[in-house]
Amino acid sequence: MMTGFLIALSFIALVAWLANGIRLIGKVSEGQPIGERPNTAILMVDLQTTFWDSNLFSERSLSDAQTVIIDELKSAKKQGFPVIAIRQEWSILSTKVLARLTMGGKAIAGTEGTEIAEPFTGFPDYVLTKRVQDSFETGELDQLLEKLDVGELRIVGLDARYCVNKTAMAALGRGYKVTLIEKGILAAEPEQGRKELKTVSQAGAILK
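In structure tokens form, the structure reads like this:
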């Protein structure tokens with residue numbers, strides 16, 4: 058009887074631990090209001106080999122998005138806007154387990170494919186790593202944007218339902234002006250992705 062109780066207790070603890078991992082993954086961080094800042098930056102969210110070269114997106118959607126993203130990045134370079142690439146690396150133990158269970162092990166820290174996808178390698182001025190969906194969670198992005206005096210973010214990348222969504226919401230909460238380059242943002246489930254982008258636009262982001 059005691060053995061059964063201990064097994065049940067261990068199972069409950071495991072479920073709670075994984076549930077906390079899920080909470081961490083999807084939580085939107087809070088930060089200090091930024092005030093007025095004059096500059097603009099481009100955020101490339103999760104444009105990594107492991108996602109870009111997977112079967113999550115159709116060839117047509119990849120091709121169309123690539124054209125729009127590269128046009129946006131070239132325009133940024135001409136205008137002197139910094140390009141910041143955000144790379145996903147699951148490094149918290151509970152999130153690494155969840156990535157193996159639900160994401161095929163994609164983007165676990167130390168695995169192949171976490172580098173910037175080949176079409177975009179020449180563009181980033183800065184490359185940061187995030188541990189969860191929200192690019193602001195570690196505080197590194199806050200510090201970089203403060204250093205660059207950035208008050209406006211233009212976002213491209215993937216996935217509209219998750220990392221783009223959470224990053225945009227975290228930015229809005231801090232007072233950034235956020236522009237979502239809609240045709241440069243991918244979603245594995247396009248219809249749901251469009252709904253999420255609309256929700257973020259209702260929270261204050263600009264859809265372009």
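Counted the way our numbering counts, the sequence shown spans residues 58 to 265.
The C-beta atom is built at its ideal place from N, Cα and C for all residues, glycine as well.
Counting other Cβ atoms within 10 Å of its Cβ, Gln145 reaches 16 or more and is therefore classed as buried. In this structure, DSSP gives Leu130 a helical state, which the three-state scheme calls helix.
Per DSSP, the beta-bridge partners of Trp147 are Ile165.
The stretch 92 to 100 makes no contact with the stretch 168 to 177, as fewer than three CB pairs between them are under 8 Å. DSSP, reduced to helix, strand and coil, places Glu194 outside both helices and strands of the structure shown, so it counts as coil.
Look at Val189 here: in three-state DSSP terms it is coil, with no helix or strand label. Check the Cα spacing between Leu155 and each of Phe138, Ile79, Val184 and Leu198: the tightest is with Ile79. In the structure shown, Gly241 adopts extended strand secondary structure according to DSSP, grouped into three states. Counting only the Cα atoms, Lys187 lies some 8 Å from Phe193. Spatial neighbours of Glu253 in its own chain (CB-CB distance under 7 Å, excluding positions within 5 residues in sequence) are listed in chain order as Ala217, Arg218 and Asn222. Separation of the CB atoms of Pro176 and Ile212 is rounded to 17 Å, and the pair is thereby denied contact status at 8 Å.
When Val184, Thr178, Glu209 and Leu185 are compared, the shortest CA-CA separation from Ala228 is found for Glu209.
The Cβ atoms of Gly241 and Ala122 lie closer than 8 Å to each other. For a cut-off of 8 Å, the C-beta gap from Thr224 to Ile263 is around 15 Å, too long to register as a contact. The shortest CA-to-CA distance from Glu248 to any of Phe114, Gly137 and Pro139 is the one to Phe114. Where Ala228 is concerned, the enclosing alpha helix (DSSP H) starts and stops at Cys220 to Arg231. Ranked by Cα distance from Lys255, the options Met226, Gly88, Arg231 and Ile141 are led by Met226.
Taking C-beta separations shorter than 6 Å and ignoring five residues to either side along the sequence, the partners of Ile149 in its chain run Arg188, following chain order.
Around the C-beta of Leu158, fewer than 16 other C-beta atoms lie within 10 Å, and the residue is accordingly described as exposed. When the beta-carbon positions are compared, Leu104 and Ala164 stay at least 8 Å from each other.
In this structure, the alpha-carbon of Ser132 lies about 14 Å from that of Asp182. The Cβ atoms of Gly261 and Pro90 do not sit closer than 8 Å to each other.
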